[in-house]
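Chemist: Starting off with a structure, shown below.
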Amino acid sequence: MGLISFLKDKFSKKDQKVDKYQAGLTRSRKNFSSKLHNLSERYKTVNQDYFDELEQILIESDVGISFTLKVIEDVLNTSKKEHISNPQMINEILIDKLFVDYAEKGDIQNEIAFRKDGPTVLLVVGVNGVGKTTTIAKLAHRYIKQNMKVLLVAADTFRAGAVEQLKTWAERLHIDIVTGQQGTDPASVAYDGMKKAKAENIDLVIVDTAGRLQTKNNLMLELGKIKRVMAKEIPDAPHEIFLIIDATTGQNGVVQAKAFKEVTDVTGIVITKMDGTSKGGIILAIRDGLGVPVRFIGLGEKLDDLEEFDLDKYLYGLCVEN
Ligand SMILES: Nc1nc2c(ncn2[C@@H]2O[C@H](COP(=O)(O)OP(=O)(O)OP(=O)(O)O)[C@@H](O)[C@H]2O)c(=O)[nH]1
Ligand SMILES: [Mg+2]
144 MGLISFLKDK FSKKDQKVDK YQAGLTRSRK NFSSKLHNLS ERYKTVNQDY
194 FDELEQILIE SDVGISFTLK VIEDVLNTSK KEHISNPQMI NEILIDKLFV
244 DYAEKGDIQN EIAFRKDGPT VLLVVGVNGV GKTTTIAKLA HRYIKQNMKV
294 LLVAADTFRA GAVEQLKTWA ERLHIDIVTG QQGTDPASVA YDGMKKAKAE
344 NIDLVIVDTA GRLQTKNNLM LELGKIKRVM AKEIPDAPHE IFLIIDATTG
394 QNGVVQAKAF KEVTDVTGIV ITKMDGTSKG GIILAIRDGL GVPVRFIGLG
444 EKLDDLEEFD LDKYLYGLCV EN
């Protein structure tokens, strides 16, 4: 049984909630699945032109050039070896390959790995406007619902209004926040945050950072300093570093991700604004180009619009028309 049939079967059962993925990936699905369908309608059997068009569809979905070429070659080889020339079957093989390629890169633990004793510290990084602060609020909301004590730390002391924005979220969520004056050293705010977390038995501390574009060297120095002061107070902190990537930026997001990975040990990626883009293939490009797992995806602006990344639901949302 091909993957598509398997997924249709799996998600036809009522206990599987894929509605959010389906809704959030509407634009990406239109761009990808509808084009695939249309292509297979236009050809009776596949030929070189078919594969060229298939390649184009993948590139337009933002899965990246190198990944596209690899997958197309794979599909081509399989079609030759197994003498398959039916367009629909070729498309199914393609989707199977997308799944296998992602899954083969190892098991993924999406949830934050919580420490047994003492606070777990999550540092959130990413460039301007990608959705860091919103994602922090969504993550806080998620873990508050799991009865955890969450503390926010506004180490974005650079942009006017950044602290206020996080404060507003903290008020809405009824949780504490540690802040500093605009312009103060972000590392000192982070340090205050760690002290408070330890003193008050916090389960999860989420630290917001400035999204300003700076040289690699400066970014490395700033993040390095923040990390050093954290580890002074809490062993091995930060325990997780999430890089936030805006899906609407397409391949630019992949470039950003590579740059951040070079300066700091990113443990997970959150892709935001999946609802606002047809470039949903970016998840495959990131996984292929970086090897860092996508842990959560943002599917809207509300607190509940954050979902754990799930490969089955993602491919179902991307490939299956309702
Ligand atoms: N549609 C949609 N909008 C989102 C999502 N995540 C964030 N946004 C919006 O993106 C905009 C920027 O979000 P912020 O959280 O302020 O981004 P930031 O990275 O903290 O920005 P800076 O602090 O300026 O670097 C806001 O209008 C958010 O509502 C998402 O998953 N879907
Ligand atoms: Mg922000």
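Per the working numbering, the very first residue in the sequence shown carries number 144; after that it's consecutive.
Note that CB positions come from ideal geometry on N, CA and C, so glycine has one too.
Within 10 angstroms of the Cβ of residue 285, are there 16 or more other Cβ atoms? Answer buried if so, exposed if not.
Modeler: To locate residue 285, count along the sequence shown from 1; it is residue 142. Residue 285 should be labelled buried.
Chemist: Beta-carbon within less than 8 Å of residue 332's beta-carbon, same chain only, minus the 5 sequence neighbours each way: which residues are those?
Modeler: Along the sequence shown, read from residue 1 onward, the residue named residue 332 stands at position 189. Correct list, in chain order: 296, 297, 298, 300, 321, 322, 323.
Chemist: For residue 212, does the count of other Cβ atoms within 10 angstroms reach 16, so buried, or fall short, so exposed?
Modeler: Working through the sequence shown from its first residue, we reach residue 212 at position 69. It counts as exposed.
Chemist: Alpha carbon to alpha carbon, how far is residue 269 from residue 205?
Modeler: In the sequence shown, counting from the first residue as 1, residue 269 sits at position 126. In the sequence shown, counting from the first residue as 1, residue 205 sits at position 62. Each residue's Cα considered, the two are about 20 Å apart.
Chemist: Please tell me whether, using a cut-off of 7 Å, the distance from the CB of residue 351 to the nearest non-hydrogen atom of ligand 2 is below it.
Modeler: Mapped onto the sequence shown, residue 351 falls at position 208. Checking every heavy atom of ligand 2 against the Cβ of residue 351, one is found closer than 7 Å.
Chemist: In the DSSP assignment, find the unbroken alpha helix (DSSP H) run with residue 167 in it and report its ends.
Modeler: Counting from one through the sequence shown, the residue named residue 167 turns up at place 24. Here the alpha helix (DSSP H) through residue 167 covers 162–167.
Chemist: Under DSSP, the alpha helix (DSSP H) around residue 322 begins and ends at which residues?
Modeler: Along the sequence shown, one-based indexing puts residue 322 at 179. Here residue 322 belongs to no alpha helix (DSSP H), and DSSP marks it neither H nor E.
Chemist: If we call anything under 8 Å between Cβ atoms a contact, is residue 460 one with residue 168?
Modeler: For this step, residue 460 is matched to residue 317 along the sequence shown. For this step, residue 168 is matched to residue 25 along the sequence shown. Yes, these two residues count as a Cβ contact at 8 Å.
Chemist: For residue 425, report the span of its alpha helix (DSSP H) as first-last.
Modeler: For the purposes of this step, residue 425 is taken as the residue at position 282 of the sequence shown. Counting along the chain, the alpha helix (DSSP H) containing residue 425 begins and ends at 425–433.
Chemist: Within 7 Å: the Cβ of residue 399 and any heavy atom of ligand 2?
Modeler: Stepping through the sequence shown from its first residue, residue 399 is reached at position 256. Residue 399 Cβ: outside cutoff for every heavy atom of ligand 2.
Chemist: Can you look up residue 415 in the DSSP assignment and give me helix, strand or coil?
Modeler: Here residue 415 refers to the residue found at position 272 when the sequence shown is read from its first residue. Strand, per DSSP.
Chemist: Please say whether residue 381 and residue 370 have beta carbons closer to each other than 8 Å?
Modeler: For the purposes of this step, residue 370 is taken as the residue at position 227 of the sequence shown. For the purposes of this step, residue 381 is taken as the residue at position 238 of the sequence shown. Cβ distance < 8 Å, so residue 370 and residue 381 count as in contact.
Chemist: Measure the alpha-carbon distance for residue 355 versus residue 406 and round it to whole angstroms.
Modeler: For the purposes of this step, residue 355 is taken as the residue at position 212 of the sequence shown. For the purposes of this step, residue 406 is taken as the residue at position 263 of the sequence shown. Between residue 355 and residue 406, the C-alpha separation is close to 15 Å.
Chemist: Can residue 384 and residue 351 be called in contact, C-beta distance under 8 Å?
Modeler: Position 241 of the sequence shown, counted from the first residue, corresponds to residue 384. Position 208 of the sequence shown, counted from the first residue, corresponds to residue 351. Cβ atoms of residue 384 and residue 351: not closer than 8 Å.
Chemist: Which of helix, strand or coil does DSSP assign to residue 408?
Modeler: Position 265 of the sequence shown, counting from 1, holds the residue named residue 408. Coil.
Chemist: Would you please verify whether the beta carbon of residue 203 is less than 8 Å from any beta carbon of chain B?
Modeler: Among the chains in the structure shown there is no chain B, since it carries only a single protein chain.
Chemist: Report yes if the CB atom of residue 318 is closer than 8 Å to the CB atom of residue 348, and no otherwise.
Modeler: In the sequence shown, residue 318 corresponds to position 175, counting from 1. In the sequence shown, residue 348 corresponds to position 205, counting from 1. The answer is no: Cβ separation not under 8 Å.
Chemist: Which runs of the beta strand (DSSP E) at least 3 residues long sit entirely within the stretch 285–363? Give them in chain order.
Modeler: Listed in chain order, they are 293–298, 319–321, 347–352.
Chemist: Ignore the nearest five residues each way along the sequence and tell me which others in residue 426's own chain have a CB closer than 7 Å to its CB.
Modeler: Along the sequence shown, one-based indexing puts residue 426 at 283. Same-chain partners within the cutoff: 414, 437, 457.
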